[in-house]
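Residue numbers (this note's numbering), protein chains in the order written: chain S, 55 to 804; chain B, 55 to 804. Notes to accompany the following structure.
There are 2 protein chains.
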Amino acid sequence: MKNVTEFEKMLKTAQPGDSIVLANGIWLDSELLFEAEGTAEKPITLTVEEKGKVTLEGNSNLRIAGDHLIVSGLVFKNGYTPTNAVISFRKNREEMANNSRLTECVIDNFNNPERQVQDYWVTIYGKNNRIDHNHISGKKNLGVTMIVGLDTKDSRANNHQIDHNYFGPRPTYGNNGGETLRIGTSHHALENSNTLVESNYFDRTNGEHEIISNKSCQNIFKYNTFFECTGTLTMRHGNETLVDGNVFIGNGKPSTGGVRVINETQTVVNNYHYGLTGYRFRGAFVMMNGVPNSPPNRYVPVIDSKVNNNTFVNCNNILFGAGSDAERSQAPRTSEFSENIIYNDNKKDIFTIDDDISGITFNDNILGKNSETSITSGFINADIKLEKNEQGFLIPTSNKIKTQIAISPKVATKENTGTTWYSKADNSIALNSGNNIKVEAGINTLYEIVKKSEPGDIIELEEGGTYLLTKAVKINHPLTFKTSGKIKATILFERMMAFEIQNGGSLFLENITFDGAKSPDYAGNSVISTSKNSMTENYKLFIDKCEFKDLIVNHSFDVLRVSKGTFADTISIQNSTFKNITGSIAALDKETDDIGAYNVEYFLMKNNSITELQGAALRLYRGGKDESTFGPFLEIDHNVFDKVGHGKKNKYKSAISLYGVQETDIKNNIFKDSKAIDMYLVVGEPIVKVQNNALNNSEKLIVSGDQKYFVSNQWNLTPKFSDESRYTLSADSPLKGKATDGSDLGIITQ
Amino acid sequence: MKNVTEFEKMLKTAQPGDSIVLANGIWLDSELLFEAEGTAEKPITLTVEEKGKVTLEGNSNLRIAGDHLIVSGLVFKNGYTPTNAVISFRKNREEMANNSRLTECVIDNFNNPERQVQDYWVTIYGKNNRIDHNHISGKKNLGVTMIVGLDTKDSRANNHQIDHNYFGPRPTYGNNGGETLRIGTSHHALENSNTLVESNYFDRTNGEHEIISNKSCQNIFKYNTFFECTGTLTMRHGNETLVDGNVFIGNGKPSTGGVRVINETQTVVNNYHYGLTGYRFRGAFVMMNGVPNSPPNRYVPVIDSKVNNNTFVNCNNILFGAGSDAERSQAPRTSEFSENIIYNDNKKDIFTIDDDISGITFNDNILGKNSETSITSGFINADIKLEKNEQGFLIPTSNKIKTQIAISPKVATKENTGTTWYSKADNSIALNSGNNIKVEAGINTLYEIVKKSEPGDIIELEEGGTYLLTKAVKINHPLTFKTSGKIKATILFERMMAFEIQNGGSLFLENITFDGAKSPDYAGNSVISTSKNSMTENYKLFIDKCEFKDLIVNHSFDVLRVSKGTFADTISIQNSTFKNITGSIAALDKETDDIGAYNVEYFLMKNNSITELQGAALRLYRGGKDESTFGPFLEIDHNVFDKVGHGKKNKYKSAISLYGVQETDIKNNIFKDSKAIDMYLVVGEPIVKVQNNALNNSEKLIVSGDQKYFVSNQWNLTPKFSDESRYTLSADSPLKGKATDGSDLGIITQ
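Next up, the structure:
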């Protein structure tokens, strides 16, 4: 059977016990409706000639409807669904699949090219369905990867079993809608779903804050492994959840979390947590405050919940009453946190108490020898040792620990989940991992060499060479450009950009001068731009020891100009000079829909000299009030800002404009003859540190936004931001200075 | 010769007198460098096997360098140049073409797919080059169509001749950078170019304000025809220009203009103007104010200029001292306006005097019998008759007119310009010009029918039918959807949009209900969206007698959501109802770069009922201070706004948010329990009329921006905007009202 027409013909005559076999090859633009009636003894199977040799590509999808159906061995890749699901357990709202099984199927990078257009990959409806041993990896566009839908009665109390699936990496989405599994919605939060989620492996499913979003009642999560996942298993809505025997491995990676409890009668037991560093809503364990008489779509207060017998090794944060604010004012009640073991090598007190904890009973919890907590009872210290068990987990032992800390052999591993025949290898290629290629100076030599380059290659420019680009260089895989030797090569360009980072591209620039003298006489040039189209792949940009000068042919000439629908994991700008520029260094303010999206996760600017820049050096914007994401994270350290922000067309009227940034760390900088840092604090308890900066004839910091974040005065640490008597400035260029505590300000020569 | 390699080989051995002939067929991705040395007697020619049968497509372009070269017969289409020019008269900055000719070449819709990425189509350098009989049509991306470059000495005093070219339609670009011909730049404004521009036909070259931007000295414009062009021949920089014997035909089309004079020693004589309606900078004739001691890139004051013997028939505006403001404070001096003939059927006084005109001598100008002017001398009235001459022009005659008003036989026509072998026919297809196609109710029937539709088709929905879309309908040509019969069909949709207007698409929706009940539970849905990619083609959207309801599954659910880099000629929303919506009706605020771009030219909203809309009904934004464009134009008439703008996520905190709109006409509306109209006036002398609107428990109009535009109080006409005693409201839904002058407010039942 080789095409959809034949499939449909065969399906018409299919009898219980039959198998419908898709022939080897590529099935392009194939939308399959597998609608049939099998029996418990004789199911009808949709499968493939040879596993791994049948791929559904282009605009393809699958709907399953009927009883006792089995789907096995299908691979979806190189395309995306034109509907809202790749695989759906229903034909339409009325006709769904029951008693059916989806097994050993693969959905791999089957992304809508529009990052901000939503779809699901698997939507589960009906009852008594099993979804097992599937390989589901690389979702990068908007939308939860897998959902259990409860929108009609026939899908509730469903007894679905989701087991032994491999959920492969899902990168940071940069907005709400990056969950990997959601069961229910706020609209049906109080319905029973009775779904069992067992022995699944979540491998860096980092889409957003909620790895799993539980939004219905009586679901069970057992023996799942969460490997280096940023976010938590979140009991967002619904009650009577059991979270038992799961493993959370953070390995010290940022923003990794464990379990977050909201709602009533939740049970969290026997879970093992290692190296989780996340804070606030992505702590290793989080029990939230609720909203009194909460509507179902807000935060139902925690009551009657148990958190017992869990183990936390080198985890940084456990929170009670998290999210406490004027609306979420109800602390947890009639709940328990007992017989948990908490060990940490470095951090003494990992507990954050955000509200009244008198409603939580603490019993027989064991802390490591050097650990402490402000919780006054229910904790003892013990001399805990860590021992690796045969599964490779570091297990606390001590004679004070009576219960054996056992991790079930049923726990998910990369090996016992997914399929045996579809590779779980990580194919991403790092910057600077390829070959060195020398490129001669001249016209378009850079353009030509890039066409021949391989991902990860390092392109070496001639010392002191001049490179003119009459065409923009398209970067569609990771590439490095550098001058070897002391005298930087110079790049000039006649198009509106020298480099355009396209989907899949990342860029490292080292020891190169960029000169805007040949750029077109239009507003809106940039040295580097992203694709103007949406990019599903997150990109990285590193700039080190470069010089950007005379970007002045017309107004609004930026160094980096990005587009809506693009997202950088990291932008790092270090040891570089910027001089005589009409625009900004980085304009990361393109997500103006105010629905929680933003353009960069980590932005780092270190040891740069910025002179005569008319725009705001940095424009970083994260609008909306959604709490599903982590960033942006910002560090600005040891830079000199000299005559920055005074351009008439600088609409932000500031040297640095920040809106909704989640972590801000601005230190050791010199601001001379410059406009202010202007920050608007909103959503997600932003952490702000502005310290040890020198202001010389520059505007003072402007802070606005949500007053509740103003309390800690984190931007007023010594030496006082505007206290000129407390630092000294050199007369040289670049400016250098010393704070009175002896620390350096501004550029540090390397 | 069939490919670039063979071309290059042949070129190496080319001798004076040789012809290099491109073989018939498609030359894909062919970048040709025609570098050779001919002689005056024996030029070297690059031509084609058969004219019209050789096309350069994909990423193709041509550079010409050397002496005595002729290029003839090349056609560029279906692609775009990867560099900044399609055809360039130089190899690089140093090596250019001289004494060479580009003739009978075609560049047709050869647009970069990114609307906002710049290129030129023809760049002329060197000296003594002739560019004649070329067909250059359909430029839609950023950048002047043809330039004469003066950036090196070898390109100045160039004696180029640009003649008998056909410049085909260039639609409104919606930002600066839509000029058709530019000679020089502000950087070289005082250099002589000595370029002759003669007998060229400009056919609706409407890119922006400046059809021709003269930016150097001693150029001559003779016998050119400007057919229905929005904008003017502008003497933007440079002196000693001669504009002689040109014809400007407006035919009453909006924004059509004539000649705009800035700088010194300009001569404008013997030009004929018909039916030009443009005002301000696109008047039939405009003499601007200048900046005292102006830098070359601002406005050099007009002195020693002559405007004589020109004819203006049914033109609406002639301005002296235009642009007068605090900066442009220097009125014209030692100039003359004499022996011109001004006839207008309808408008009595077509003169606008924006500053002191004592520096202009007026002599022997003749006005029609019923015309008048406030200029006190130099005008006489005459009983003018119009007679059609053999060329078809309406020529004023009167016994007071001594000079024969002759139009040179050398004047450009569509026939005597361009090539004889490449069609100048207009291929655009209008909405509602195709077949009627009936489509059954059901799932995705609309999606399927559209795949089979032809441009202009009308798709008829079943009366009362229900249409569910599980896929977004892509509109890539003009299509109409309508219900025939009284009971509207209903469209529900499961994707983030029901319709997506793609490049080349336009949409007319009539008598249809849109219901958001099945839309995905994510922020940012819309009923209609544009492509998220850039669109080079302008689109049209008409909505008539439709209903939009319950767009509430999540926040920010808009009716129309557009993307950056898209531009609508017209959006018209009439006789429709909008109820229970979390977002906006039209969010036209995506051009946030503030470089003068915007999303729509004409926006019309008439006779609609809008109830319980959480966002701003309209968000219309035109940022930046560029003066090169005309719109947006806005009309909001006879609507009811009931409970509009109160959503927490309405960042504009208003019912209608306007920024930089050029013409605003808001009248006969009722605002009940609604937020304010909020308008920011900036750039281009915005015209604002807000009158005869009733406010009931609604916020008052908020006006901010540039104070100089506040003088006329145009938003405070009677009945006063907030004077509740002066109108009466019905208790019905939709609300109706009567102003005290008896006129209707709100919805007019049809």
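Just so it is clear, CB atoms sit at the ideal spot from N, CA and C, and this is done for glycine as well. All figures in this text were calculated on a predicted structure; none of them were measured in a lab.
Asked                                                                                                                 : Found
Element boundaries [alpha helix (DSSP H), containing residue 58(S)]                                                   : 58–66
Beta-carbon proximity check, residue 672(S) vs residue 747(S), cutoff 9 angstroms                                     : no
Collapsed DSSP secondary structure at residue 356(S) in the structure displayed                                       : coil
Cβ-based burial, residue 570(S) [other Cβ within 10 Å; buried from 16]                                                : buried
Residue-level contact to chain B via CB, residue 574(S), 9 angstroms cutoff                                           : yes
Cβ neighbour criterion (16 or more within 10 Å) applied to residue 474(B)                                             : exposed
Environment of residue 463(S) [buried if 16+ CB atoms lie within 10 Å]                                                : exposed
Complete runs of the beta strand (DSSP E) confined to the region 59–144 of chain B [at least 3 residues]              : 73–76, 79–82, 85–91, 98–102, 108–112, 115–121, 123–126, 129–133, 139–142
Selected residue, minimal CA-CA separation from residue 120(S), among 441(S), 91(S), 507(S)                           : 91(S)
Contact with chain B by residue 358(S), beta-carbon distance below 9 angstroms                                        : no
Listed by chain order, chain B residues near residue 589(S) by CB distance under 7 angstroms                          : Simply none; closest approach about 11 angstroms.
Status (buried if at least 16 other CB within 10 Å, exposed otherwise) for residue 419(S)                             : buried
Rounded straight-line distance, which links the Cα of residue 687(S) to that of residue 349(S)                        : 32 angstroms
Residue 549(S): contacting residues in chain B (beta-carbon distance under 9 angstroms)                               : 136, 137, 138, 171, 172, 173
Whole-angstrom distance between residue 801(S) and residue 745(S), CA atom to CA atom                                 : 16 angstroms
Residue 196(S): contacting residues in chain B (beta-carbon distance under 7 angstroms)                               : 576
Backbone CA spacing between residue 754(S) and residue 290(S) [nearest angstrom]                                      : 41 angstroms
Extent of the continuous beta strand (DSSP E) to which residue 297(B) belongs                                         : 296–298
Partners in chain S for residue 582(B), counting only beta-carbon separations shorter than 7 angstroms                : None at all; the shortest Cβ gap to chain S is about 14 angstroms.
Residue from 741(S), 782(S), 752(S), 736(S) whose Cα sits closest to the Cα of residue 760(S)                         : 736(S)
Proximal residues of chain S, C-beta to C-beta of residue 703(B) below 9 angstroms                                    : 648, 649, 678, 679
CB contact check: residue 168(S) to chain B, cutoff 9 angstroms                                                       : yes
Members of the region 99–132 of chain B that neighbour chain S once the beta carbon cut-off is set at 8 angstroms     : none
Three-state secondary structure assigned by DSSP to residue 160(S)                                                    : strand
Per DSSP, the bridge partner or partners of residue 450(S)                                                            : 440(S)
Residue 704(B) and residue 659(B) closer than 9 angstroms at C-beta                                                   : no
Closer than 9 angstroms at the beta carbon, the chain B residues around residue 146(S)                                : 497, 522, 524
Best match in 104(S), 125(S), 130(S), 100(S) for proximity to residue 113(S) [C-alpha to C-alpha]                     : 130(S)
Enclosing beta strand (DSSP E) for residue 176(S) [first to last residue]                                             : 174–178
C-beta neighbour in chain S for residue 617(B), strict 9 angstroms                                                    : yes
Cβ separation of residue 169(B) and residue 196(B), assumed to be a contact under 8 angstroms, to the nearest whole Å : 7 angstroms
Interface partners of residue 231(B) on chain S, CB under 7 angstroms                                                 : 576
Short CB-CB distance (under 9 angstroms) between residue 586(S) and chain B                                           : yes
Counted within 10 angstroms of its Cβ, other Cβ atoms place residue 136(S) as buried (16 or more) or exposed          : buried
Contacts that residue 457(B) makes with chain S (C-beta to C-beta distance below 7 angstroms)                         : Neighbours of residue 457(B) on chain S: none; closest Cβ ~42 angstroms, over 7 angstroms.
Residue-level contact to chain S via CB, residue 643(B), 9 angstroms cutoff                                           : yes
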